[in-house]
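Chemist: Quick one: this structure, given as structure tokens, is what I'll be asking you about.
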Amino acid sequence: MTLHIPFENSYVRLPDRLYARQMPTPVRAPQLIAYNQPLGATLGITGTEDEAQLAQVFAGNVLPDGAEPLAQLYAGHQFGNWNPQLGDGRAVLLGETKGYDIQLKGSGPTPFSRRGDGRAWLGPVLREYIMSEAMHALGVPTTRALAAVTTGEEVIRERPLPGAVLTRVASSHLRVGTFQVLAARQDKEGLAALLEFAIARHYPEATSAAEFLKAVIRSQGKLIAHWMALGFIHGVMNTDNATISGETIDFGPCAFMDTFHPGQVFSSIDRNGRYAYGNQPDIAVWNIAQLATALLPLEDNSDAAVAEFTDLVNAMPDVIRSAWRARFGAKLGLSEAHEQDEALIIEFLTILSEQKADFTNGFRSLSRTPESSEMLIPHKDFASWHTKWQARLTEGEDAVAQHMAAANPARIPRNHQVEAMIAAAVAGDFEPFHQLAGALADPYQEDPEYRSYCLPPRPEERVTQTFCGT
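Numbering (my numbering), first residue to last: 146 to 615.
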């Protein structure tokens, strides 16, 4: 049976200055690593029994019927510096189905590749597959991974490395930078068409640019709070990686914290710590301010619009704070977190930081025995904090433990495990990849089979830097 994707493409109907039509570049000998069958079924994809055919399609060698491949144009601020043209330099959007984009990453050069080869090596492909699917399982809005294939070709980075292609699924690939590029080019007509498209796609209740901006603020604010509650550090929060949908995108140098430290940075290119864990809320506000600026031409840059948009952006820290308080309150078993509970949350985070405790396991250990005064964390202030925390809880131990277990994962994609999986795959062994994917599929559920995936790294296993892979 031939693979079928029920494409219903809409981005290609936008003004053609927003994209370049681009065919994927075929590869020599594609081999399927993984196909996400449940996601494929959700997207209405049929005829997926033939692995060889899946490899050909998701490597870009065979174009499915109805696909209209294109590379999207966008710009962006990268580490605060304006880059007037970026765009999909190694990705091709095949089309859309069921309201979702299907995009090949590593499928060859495009008009936006600049000096790049348009290819991806195996490590970043497997990292994104694991990370994005783990984020989905953790309940975080995110792009998804539909398939991963090896290409049978090498790509040249610091050394020759095995090539691969990832198939990414997103509710759209609209970014703050998509609006920025049109605003920078003073393309008011294109900007209006893009806004209309974005509203119809993501926020149909919005009837104006201001209402759209408010909706994006709400989505991005909730997303950042969710990241913070899981100890997730994105690592490259440029405006071209800030989605309009409020989904996590681009997992290049991302990482989950082991030891809790508010200033934690993993990305090798974030030399000044701009995108450190504790800076992420402020950076999200900065990014949304750039979106607001890009939307102003649609309101003729009027004083009234400037004032309204400024008020919306200035209110975003409160949106994030409220979502942060709710997320961390749930992690502590509070049925409803109030402003006065922030001191309780911050005190526990301070204990974790001073004790150099594991972020994930620190919270998870509380959920196992919430009423126990046992010194789960050997810190001088833990006992007094525990007493205050117990006094604040309003439900019985079993209910509290159940709520906390649903907010505190037992397993996250730990950096040392991800790196070990990649090293094995480069050596030709994909079993650790499949084992890690299985361990992360139901991360809130205790499972003796996956006990080793709960353990923090030994000193010699610690990963101190991550790399974007491009």
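Where is the CB? At the ideal position from N, CA and C, for every residue including glycine.
Apart from the five residues on each side of it in sequence, which residues of its chain come closer than 6 Å, Cβ to Cβ, to glutamate 492?
Modeler: Trp530
Chemist: Mind checking who asparagine 553 pairs with in its DSSP beta bridge?
Modeler: BP columns for asparagine 553 are empty, so no partner.
Chemist: Please check if any C-beta of chain C sits within less than 8 Å of the C-beta of tyrosine 598.
Modeler: Going by chain labels, chain C is absent from the structure shown, which holds only one protein chain.
Chemist: Smallest Cα separation from valine 458: which of Leu339, Ser480, Ala439, Trp431?
Modeler: Trp431
Chemist: Check whether the Cβ atoms of glutamate 499 and histidine 524 sit closer than 8 Å, and answer yes or no.
Modeler: yes
Chemist: Between the Cα of alanine 586 and the Cα atoms of Leu283, Leu436, Asp210, which residue gives the shortest distance?
Modeler: Nearest C-alpha to alanine 586: Leu283.
Chemist: Out of Val410, Val361, Asp332, which one is the CA nearest neighbour of threonine 611?
Modeler: Val410
Chemist: Label glycine 322 either buried or exposed according to how many other C-beta atoms from any shown protein chain fall within 10 Å of its C-beta, with 16 as the threshold for buried.
Modeler: buried
Chemist: Nearest to glutamine 325 by alpha carbon, out of Ser364, Ala220, Met280, Arg264?
Modeler: Of the residues Ser364, Ala220, Met280, Arg264, the one whose Cα lies closest to the Cα of glutamine 325 is Ala220.
Chemist: Is the distance from the Cβ of asparagine 553 to the Cβ of arginine 596 below 8 Å?
Modeler: no
Chemist: With distance defined between alpha-carbon atoms, name the residue in Leu358, Ala309, Met382 nearest to glutamine 223.
Modeler: Met382
Chemist: I'd like the span of the beta strand (DSSP E) that includes leucine 246, first residue to last.
Modeler: Contrary to the premise, residue 246 reads as aspartate rather than leucine in this sequence. It spans 245-250 - the beta strand (DSSP E) in which aspartate 246 sits, taken as one unbroken run.
Chemist: What does the alpha-carbon distance come out to for the pair serine 317 and aspartate 246?
Modeler: Serine 317 and aspartate 246 have their C-alpha atoms some 6 Å from each other.
Chemist: Looking only at C-alpha atoms, which of Glu273, Arg289, Thr287, Thr532 sits nearest to alanine 309?
Modeler: Checked all of Glu273, Arg289, Thr287, Thr532; the closest Cα to alanine 309 is Glu273.
Chemist: List the DSSP bridge partners of glutamate 241.
Modeler: Glutamate 241 pairs with Asp246.
Chemist: Between Ile150, Gln217, Lys243, which has its C-alpha nearest leucine 208's C-alpha?
Modeler: When C-alpha distances from leucine 208 are compared across Ile150, Gln217, Lys243, the shortest belongs to Ile150.
Chemist: Taking just the CA atoms, how far does phenylalanine 454 sit from arginine 330?
Modeler: 21 Å
Chemist: Can you check which of these residues, Met549, Gly614, Lys367, is closest to glutamate 591 by C-alpha distance?
Modeler: Met549
Chemist: For the alpha helix (DSSP H) containing valine 300, name the first residue and the last one.
Modeler: Taken as a continuous stretch (DSSP letters only), valine 300 belongs to no alpha helix (DSSP H), being part of the beta strand (DSSP E) at 289-301.
Chemist: Closest to leucine 177 by CA distance: which of Gly205, Tyr156, Ala460 is it?
Modeler: Gly205
Chemist: Would lysine 533 be called buried (16 or more neighbouring beta carbons within 10 Å of its own) or exposed?
Modeler: exposed
Chemist: Is DSSP giving histidine 347 helix, strand or coil here?
Modeler: helix
Chemist: Throw me the rounded Cβ distance for the glycine 232 and phenylalanine 257 pair, which I believe falls under 8 Å.
Modeler: 3 Å
Chemist: Three-state secondary structure (DSSP) at serine 277?
Modeler: helix
Chemist: From Ala165, Gly253, Ile490, pick the residue whose C-alpha is nearest to that of glutamate 213; which is it?
Modeler: Of all alpha-carbon atoms in Ala165, Gly253, Ile490, the one lying nearest the alpha-carbon of glutamate 213 is that of Ala165.
Chemist: Does the Cβ-Cβ distance between glutamine 535 and isoleucine 433 come in under 8 Å?
Modeler: no
Chemist: Spatial neighbours of histidine 406 within its chain, please: C-beta separation below 7 Å, excluding the five flanking residues on both sides.
Modeler: Non-local C-beta neighbours of histidine 406 in its own chain, meaning closer than 7 Å and more than five positions away in sequence, comprise Ser498, ordered along the chain.
Chemist: Since isoleucine 428 is in the alpha helix (DSSP H), which residue starts that stretch and which ends it?
Modeler: 425-440
Chemist: Which runs of the alpha helix (DSSP H) at least 4 residues long sit entirely within the region 440-472? Give them in chain order.
Modeler: 448-459
Chemist: Given leucine 443, which residues of its chain have a CB within under 8 Å of its CB, disregarding the five upstream and five downstream residues?
Modeler: Lys333, Leu336, Ala337, Leu340, Ala354
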